[in-house]
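Sequential numbering of the sequence shown, starting at 236, is according to our numbering.
Notes to accompany the following structure.
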Amino acid sequence: LDEILHGTNSHDRRIGAEALLRSLIDRGALGLLTTHDLALARAAESLAPRAANVHFEDSLVDGELVFDYRMRPGVVTKSNALALMRSIGLLTAEAEGSTHGSP
236 LDEILHGTNS HDRRIGAEAL LRSLIDRGAL GLLTTHDLAL ARAAESLAPR
286 AANVHFEDSL VDGELVFDYR MRPGVVTKSN ALALMRSIGL LTAEAEGSTH
336 GSP
């Protein structure tokens, strides 16, 4: 499932995604859920050990994102979106200092 319940507010999305995942797991489903919404990581934590967070790492090389496609445990700890914004001049130090909740 890619970006489950995309377009739903964060609070309702987390609750709905967790309910859907719990239902699928209870039926014996095996699969992957992909998301950029860090709040959804809590759903996997609440379903452990039947669900787990994993991530890929990436780096910005000559303005392009390069992924290593090696699954690592846990939630990603760095932001590729901010690096991309910096690389095209969209995010300045002043603007970055005024943002709230950035990783």
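Just so you know, even glycine gets a beta-carbon here, dropped at the ideal spot from N, CA and C.
Going along the chain, which residues of its own chain have a beta-carbon closer than 8 Å to the beta-carbon of S245, five neighbours each way excluded? D272 and A274
Endpoints, the alpha helix (DSSP H) within which D293 is located: Counting along the chain, D293 falls outside any alpha helix (DSSP H), though it belongs to the beta strand (DSSP E) covering D293 to V296.
Assess contact between the stretch 288-295 and the stretch 309-322, defined as three or more Cβ pairs (one per stretch) separated by less than 8 Å. Is contact present? yes
Local conformation of R307 per DSSP, three classes: strand
Shorter than 9 Å from the beta carbon of A276 to some beta carbon of chain B? No chain B appears in the structure shown, which is made up of a single protein chain.
Helix, strand or coil for L325 per DSSP? coil
Report buried or exposed for L267, applying the criterion of at least 16 other Cβ atoms within 10 angstroms of its Cβ. exposed
Near R248, which residues of its chain fall below 6 Å by C-beta distance, leaving aside the five closest residues on each side in sequence? L240
With distances taken Cα to Cα, identify the nearest neighbour of A283 among G324, E238 and G309. G309
Residue range of the beta strand (DSSP E) that includes E299: E299 to F302
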